[in-house]
Amino acid sequence: MKFVSSEILAYCESHSNKDSELLKELIEHTYATETAPQMISGSHVGNFLQSLIKMTKSKNILEIGMFTGYSALKMAEVIPKDGIVHTCELMEQHVQTASSFFNRSSHKDKISIFKGPATETLEQLKINFYDFVFIDADKQNYCEYYQKAIKLLKPGGVIVLDNMLWSGGVIDPKDIDSQALADTAEYINSDDRVYNFLAPIRDGLMVCIKNE
Ligand SMILES: C[S@@+](CC[C@H](N)C(=O)[O-])C[C@H]1O[C@@H](n2cnc3c(N)ncnc32)[C@H](O)[C@@H]1O
């Protein structure tokens, strides 16, 4: 489902910050080599993440779902030199691709990849440590990722969950992914630990700000 016309989207993108040359190359490479390249969040979502990170002066970032590394590198580009991006990814093939791009970036030292199932990785991370979390992995674990992430997040920190509209599937869920996302939205909506806002940006971005 297209929520905004291609013409409007192109206009917005042409009047927004542009991707670095390396990020453009990463997108081209992903479209040339991956079977599901549309998993990349893309510059529209990427610029929104960068804006939030800059506004909140976030330094410690956690990503759940790296794929070929677009959003991890995009976020790393706007955090300070001593900032970190910890990114979780299950598949070795994606770790290889993302690493080959990170290694060419001046921001490479900020990024650490945690390979394996994210539910296990999250158990090993520091509580109350992250300023910003981006959740963009398998949809059926979204609620668990959110519940674990909220503990890893500092008070006042931000969690963004991608694909929370699932092309409209969440309105009347007919498959397990749509149901999992609708359940996650309900859970967050009744969670008094956060201020939340579901923005109809691309496939839906749920922004959650943890109470101070
Ligand atoms: C939508 S893609 C992430 C896109 C990425 N954030 C970007 O903007 O380019 C989801 C990724 O999550 C990974 N993934 C799926 N299940 C996972 C799990 N249980 N643990 C860690 N990563 C997982 C997939 O292999 C895939 O690369």
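For the record, in the sequence shown the residue sitting at position 163 is 231 according to this note's numbering, with numbers rising by one throughout.
Just so it is clear, CB atoms sit at the ideal spot from N, CA and C, and this is done for glycine as well.
- Annotation for residue 231: no alpha helix (DSSP H) segment contains it, and DSSP assigns it neither H nor E.
- Taking 3 residues as the shortest admissible run, the segment 104-150 contains the following complete beta strand (DSSP E) segments, listed from N- to C-terminal end: 128-132.
- Segment contact: the segment 174-184 against the segment 124-142, three or more CB-CB distances shorter than 8 Å; contact assigned.
- For residue 148, the closest of 262, 175 and 236 by C-alpha to C-alpha distance is 175.
- Within the same chain, Cβ atoms closer than 7 Å to the Cβ of residue 280 are found at 223 and 224, the five residues on either side in sequence being excluded.
- The straight-line gap separating the alpha-carbon atoms of residue 220 and residue 198 is approximately 6 Å.
- Residues of the same chain with a CB within less than 7 Å of the CB of residue 267, apart from the 5 flanking positions on each side, are 273 and 275 in chain order.
- At a Cβ-Cβ threshold of 8 Å, residue 121 and residue 146 count as neighbours.
- With contact defined as three or more Cβ pairs closer than 8 Å, the segment 84-96 and the segment 121-130 are not in contact.
- If you draw a straight line from the Cα of residue 152 to the Cα of residue 190, it comes to about 16 Å.
- Look at residue 177 here: in three-state DSSP terms it is helix.
- Around the beta carbon of residue 242, fewer than 16 other beta carbons sit within 10 angstroms, so the residue counts as exposed.
- For residue 116, same chain residues with a beta-carbon under 7 Å away, outside a window of 5 residues either side, are 269 and 273 in chain order.
- The residue among 84, 233, 213 and 172 with its C-alpha nearest the C-alpha of residue 265 is 233.
- For residue 209, the Cβ falls inside the 7 Å cut-off from some heavy atom of ligand 1.
- Residue 139 has its CB nearer than 7 Å to a heavy atom of ligand 1.
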